[in-house]
Each structure stands twice: as C-alpha cells, then as structure tokens.
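So the structure is just underneath, and the comments pick up after that.
Numbering (our numbering), first residue to last: 10 to 213.
Spelled out as structure tokens, the structure:
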C-alpha cells in the first residue's frame, strides 16, 4: 500500500497495541507515516513517538512530523508537514536541512497550491475529500480541480479527509500519489479492508 499515508494521532497512540499497529502497517508496504499530535508533548507521549520512529527507521519507512518544526528537528524526523498558517517551506528547509521531506496543505485552494510549486516542496495535500469528524467547518474538495492542477505540476499530490474503506475508490488511488488516512487505520481489521481494496484497485 505504498500510496496510503497513515496519519498517527493521539487516539492511535492511546491504544495499548499501537506499536503492533505500526508494524502491521509497514508490513503492508507503507513507506511513510505522519505523527499528528498537539502540544503539550509529555514524556509519555514523546516516548511513544520515539518508538514509532524507531520502528520506522528499522523498516526504512519515512517518519514525518505534523506542523512542529522544532519537534521535527529535535527528533531528527525525515520531514515535516506544514499547514497554510504555519512556517514556510523555505524556513522548514533551513531549520531541518535540504535533504528533508516537506509536505504542505492547501485545502481546496488551487491558487495557494500554485504558489507551492517550488523545489522545497515534496508533496501538496488537498482536502477535505469527504466530510470528516476530525475537523469542523471544512469545505469538501472538488477533486476535478486537482486533476487540472496535476497536469501543470510535477509536485506529488496527496488527498486527505474522511477517506475510509467505504469510499476509497480506484479513481482516488489512480489520480493521487498519496492517500492520507487517520481514523480509518486505527484497527487492524480496518487496515485489512483497506489493503484488500488497494490490491483490487491497483492490481497488486
């Protein structure tokens, strides 16, 4: 499932078997995960995040931190994902280093997306694909707009927002480089469903 991009949040990390879940994701060919948690970074939370990093490093899986450049620097993460109101991609590169992965969010704003077509940005995240419980007052993305954008850009595209086993389609898998998932990958049976759909739509 190389295109599936798991977003690991506090609810995921609260599970007693969260480390087993990370192993299971990587076993199913996940090659990049993102940690998305909010402050404060307690000792217990950091200990769990470091365990995820250790598992990722051992299995050649990229370890990305959401928003927080200082934590990404402190943990020597493989990259950072930044939102529209966070630091600039240039600042992220200066702080983390030129070899780090920089991902950015643009919501459903194609004008903002066009400003990110620079060598510092590895991927641009669009959303929300569907209504989601994790964020309020969101606008659902008109996916056709992203198709038009992709024709003019070599930057990788990521789609996020409410994607799960019930709405994952071959259209989404074939049109986007990365498909971010959060609540849909918190249980092993759900990951198995996603994996079956992925193999079906991607002929793997």
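For every residue, glycine included, the Cβ atom is placed at its ideal position computed from N, Cα and C.
*Look up residue 112 in the DSSP assignment and give the residues it is bridged to.*
Sequence index remark: in the chain shown, residue 112 carries index 103 (1-based). By DSSP's assignment, residue 112 forms a beta bridge with 90 and 132.
*Out of 60, 114 and 97, point me to the one whose CA is closest to residue 129's CA.*
Residue numbering aside, residue 129 sits at position 120 when the chain shown is read from its first letter. Comparing Cα-Cα distances from residue 129 to each of 60, 114 and 97, the minimum goes to 97.
*Spatial neighbours of residue 12 in its chain, beta-carbon cut-off 8 Å, leaving aside the 5 residues before and after*: The count along the chain shown starts at 1 and reaches residue 12 at position 3. In the same chain as residue 12, and ignoring 5 residues on each side of it, the C-beta atoms closer than 8 Å to its own belong to 182, 185, 186, 187, 188, 207 and 211, in chain order.
*How many Å lie between residue 40 and residue 14 at the Cα?*
Translated into positions along the chain shown, residue 40 becomes position 31. Translated into positions along the chain shown, residue 14 becomes position 5. So the two alpha carbons sit approximately 8 Å from each other.
*Which value, in whole angstroms, describes the spacing of the CA atoms of residue 27 and residue 88?*
For the purposes of this step, residue 27 is identified with residue 18 of the chain shown, where counting begins at 1. For the purposes of this step, residue 88 is identified with residue 79 of the chain shown, where counting begins at 1. Roughly 22 Å between the two C-alpha positions.
*Backbone CA spacing between residue 92 and residue 113 [nearest angstrom]*: The sequence position of residue 92 within the chain shown is 83, counting from 1. The sequence position of residue 113 within the chain shown is 104, counting from 1. Going from the Cα of residue 92 to the Cα of residue 113 covers about 6 Å.
*At a cut of 8 Å, does the region 164-175 reach the region 48-62 through at least three beta carbon pairs?*
No, the region 164-175 does not touch the region 48-62.
*Pick helix, strand or coil for residue 75, following the three-state DSSP scheme.*
Sequence index remark: in the chain shown, residue 75 carries index 66 (1-based). It is a strand residue.
*Starting from the Cα of residue 17, find the closest Cα among 36, 10, 38 and 62 and give me that residue.*
What you label residue 17 is simply residue 8 of the chain shown in a count that begins at 1. Among 36, 10, 38 and 62, the Cα nearest to that of residue 17 belongs to 62.
_Complete beta strand (DSSP E) runs within the region 23-77 (minimum length 3 residues, chain order)_ = For the region 23-77, whole beta strand (DSSP E) runs of length 3 or above, ordered along the chain, are 41-44 and 71-75.
_Run of the alpha helix (DSSP H) containing residue 125, from where it starts to where it stops_ = Residue mapping note: residue 125 aligns to position 116 of the chain shown, counting from 1. Premise fails: residue 125 is in no alpha helix (DSSP H) and is neither H nor E.
*asked:* I need the DSSP call for residue 193, collapsed to helix, strand or coil.
replied: Here residue 193 is taken as the residue at index 184 of the chain shown, counted from 1. Collapsing the DSSP output to three states places residue 193 in a helix.
_Does residue 102 come out as helix, strand or coil in the three-state DSSP assignment?_
The residue labelled residue 102 in the question sits at position 93 within the chain shown. Under the three-state reduction of DSSP output, residue 102 falls in the helix class.
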